[in-house]
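Numbering (this note's numbering), first residue to last: 2 to 557. The beta carbon of each residue, even a glycine, is placed where N, CA and C say it ideally should be. On a predicted model such as this, the values are computed, not experimentally measured, just so you know. Inspection log for the structure reproduced underneath, given as structure tokens.
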RNA sequence: GGCCCCGUCGUCUAGUCAGGUCUAGGACACCAGGUUUUCAUCCUGGUAACACGGGUUCGAAUCCCGUCGGGGUCACCA
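See the structure below:
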């Protein structure tokens with residue numbers, strides 16, 4: 002087989018979607034596993050929706066996932082690469098050349114319909130229960146049209162040949178589309194930009210792409226692309242080739258709906274409703290993050306199709322302290338998933354080697370991956386399983402490596418934490434490791450130490466159960482424990498555990514009788530990591546301060 | 001609605017192309033038990049699926065047809 006060249010061609014209209022990440026991962030792995038090339042191309046032909054910010058975000062997301070490209074934006078040798086530039090908006094002359102080629106051969110033609118006229122035609126077809134198809138009128142006056150296109154705004158349409166087209170898909174097999182399903186589609190818009198269909202075909206040919214991996218939603222477009230490939234010739238006269246296609250199954254939400262950016266919007270609308278509507282939400286402590294006015298929010302809430310920008314969505318979610326569903330790669334990063342785990346998990350969504358092996362490194366994936374193992378069925382995204390994978394990987398990392406990853410994550414999402422923990426950072430990581438499934442959750446098991454000593458709130462049930470019950474037996478023990486702790490000069494977790502065990506031994510009580518009062522006194526709750534670790538994390542001064550405050554409060 | 005794709009435990013899937021070794025395997029989740037100073041971790045065990053109906057065959061999860069169900073797509077978005 003020829004050395005493959007694959008590509009990932011995102012449209013920079015937002016963050017990288019998790020489904021897009023899988024497409025990128027598979028394309029990349031396929032090329033890397035066979036010594037092939039991987040191209041990154043930015044499909045920014047929609048002037049209104051594309052943005053540089055989105056492009057930057059997508060590049061960053063790909064890098065985080067460790068997906069690298071050898072040709073494309075920011076590639077080391079971008080300037081000398083063949084096939085560039087890799088932004089479609091910079092390739093307009095190239096597209097125009099091929100469009101002219103088609104028009105000259107009468108394989109494409111200018112059309113002057115307004116959008117109102119097109120809408121009317123569609124409405125008419127719908128009323129007559131016909132499928133709308135745009136085909137060039139039999140009496141089309143080409144000469145007049147060619148003259149008219151010099152001075153009038155127009156689109157260019159491709160003359161779809163009246164024949165059925167069969168696509169040989171690596172995943173789905175042969176898919177045939179009959180001629181009456183296809184019409185004369187637009188290849189250049191009125192603004193002079195090519196449409197996706199034209200640009201993708203021209204670029205894949207010119208960039209030497211041999212295998213196109215993409216989502217199944219593109220399956221219906223493929224016959225158009227094949228028709229274009231058959232009509233076009235390179236400048237040297239050689240015909241375009243049709244690459245191998247592999248359409249991958251879609252990724253769904255657990256409820257079976259398509260996983261999309263709109264899910265976040267939907268989730269936030271539900272949150273605002275739960276809060277009691279916009280007016281109530283504006284009274285929420287986190288309302289400072291709300292930049293929109295009440296009226297526009299009201300309009301948004303009342304309109305099912307209205308969507309807030311992603312950044313506004315994320316801002317509000319933080320303000321209301323709710324978690325929105327993770328949809329974009331950036332969401333998973335912020336939620337504290339490890340990139341290699343995200344790759345491992347999404348690889349499993351629609352791909353399986355035919356064995357029981359589910360956990361693998363990216364290098365192993367590259368080695369094993371092949372197109373014929375891609376499944377046909379859409380997969381529901383299961384966060385529980387992702388969480389389980391992330392948890393396992395965090396454990397396998399070992400404390401030191403985990404702490405390093407946590408630090409990296411904090412630098413971006415929880416800047417104050419490392420400073421707060423100081424040199425106890427690694428101990429905190431060790432304590433939280435078996436109790437957290439994400440880097441973000443690592444904070445929770447050790448949150449008690451982040452509070453000021455006089456700010457901890459005591460859980461009444463725990464106080465009752467461990468301190469006050471049996472005429473305050475626990476409270477009484479607490480006083481002795483304080484003394485015992487004061488005599489210790491080794492405040493390591495091990496020494497503390499040993500001292501508490503010895504104390505219990507001499508008192509003739511179980512370890513639980515000793516541990517629970519102490520635990521409640523220093524953390525406020527009946528639940529915390531191991532007692533020795535819990536005390537060590539606080540240190541002698543803070544632990545004693547908390548014990549004293551607890552005793553005072555309990556006596557009141 | 002037209003066209004297209006898909007249908008194995010709750011979820012992701014192995015098995016389907018080359019029908020028997022499948023009383024259908026694994027993972028996540030769930031349930032039960034064990035270890036443990038709490039919570040977790042950890043260990044052991046368990047529940048759970050071939051969408052339905054026909055056909056072909058000695059034999060069907062696997063091949064064929066139909067039904068039902070789910071999804072995609074019908075733009076001067078990609």
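Just so you know, the alpha carbons of residue 243 and residue 215 end up roughly 15 Å apart. Judged by DSSP in its simplified three-state form, residue 329 adopts strand.
With respect to the 7 Å criterion, residue 246 and residue 213 are classified as neighbours on the basis of their beta carbons. Non-local beta-carbon contacts of residue 56 in its own chain, meaning distances under 6 Å to residues more than five positions away in sequence, involve 13, 43 in chain order. In the structure shown, residue 350 falls within a coil segment according to DSSP collapsed to helix, strand and coil. Inside the stretch 414-494, DSSP marks whole alpha helix (DSSP H) runs of 4 or more residues at positions 417-422, 426-433, 461-464, 470-487, from first to last along the chain. Residue pairing of residue 38 in beta bridges, as defined by DSSP: 6. By the Cβ neighbour-count rule, residue 556 is exposed, with fewer than 16 other Cβ atoms within 10 Å of its own. A contact between stretches requires three or more CB pairs, one per stretch, nearer than 8 Å, and the stretch 224-237 fails this requirement with the stretch 137-149. Scanning 27, 180, 172, 276 for the CA closest to the CA of residue 322 turns up 276. Listed in chain order, the non-local C-beta contacts of residue 520 below 7 Å within the same chain comprise 527, 529, 532, 535, local neighbours out to five positions each way being set aside. DSSP, read as helix, strand or coil, puts residue 214 in strand. Of 159, 223, 435, the smallest CA-CA separation from residue 195 is found for 159. The DSSP assignment places complete alpha helix (DSSP H) segments of no fewer than 4 residues inside the stretch 186-266 at 197-207, 223-232, in order along the chain.
Residue pairing by DSSP places residue 174 opposite 170 in a beta bridge. When the beta-carbon positions are compared, residue 39 and residue 7 come within less than 7 Å of each other. Per DSSP, residue 319 is one residue of the alpha helix (DSSP H) stretching across 311-321. Spatial neighbours of residue 108 in its own chain (CB-CB distance under 6 Å, excluding positions within 5 residues in sequence) are listed in chain order as 160, 232.
In the displayed model, residue 541 falls within a helix according to three-state DSSP. Residue nearest to residue 361 within the set 341, 377, 374, 380 is 341 (criterion: CA-CA distance). Three or more beta-carbon pairs separated by less than 8 Å link the stretch 100-114 to the stretch 142-150, which places the two stretches in contact.
Residue state for residue 68 is assigned as coil, using DSSP reduced to three classes. Residue burial annotation: residue 33 is buried, with at least 16 other C-beta atoms found within 10 angstroms of its C-beta. Taken atom to atom, the span from the alpha-carbon of residue 333 to that of residue 495 is near 36 Å.
In the DSSP annotation of this structure, residue 109 is not part of any alpha helix (DSSP H); the continuous beta strand (DSSP E) holding it starts and ends at 109-112.
Rounded to the nearest whole angstrom, the C-alpha separation of residue 35 and residue 3 is 10 Å. Nearest to residue 10 by C-alpha distance, out of 547, 208, 262, is 208.
Closest by C-alpha distance to residue 229, out of 317, 263, 41, 168, is 168. With distances taken between CA atoms, residue 380 lies nearest to 258 out of 177, 58, 258, 180. For residue 159, the enclosing beta strand (DSSP E) starts and ends at 156-159. In its chain, beyond the 5 residues on either side, 302 have a beta carbon closer than 7 Å to the beta carbon of residue 270. Contact between residue 26 and residue 500 fails: their C-beta atoms lie close to 51 Å from each other, not under 8 Å. Taking residue 447 as reference, the option from 266, 433, 458 with the minimal CA-CA separation is 433. Assignment of residue 96 by DSSP, reduced to helix, strand and coil, places it in the helix class. Annotation for residue 375: no alpha helix (DSSP H) segment contains it, and DSSP assigns it neither H nor E.
One Cα belongs to residue 543, the other to residue 422, and the distance between them is close to 14 Å.
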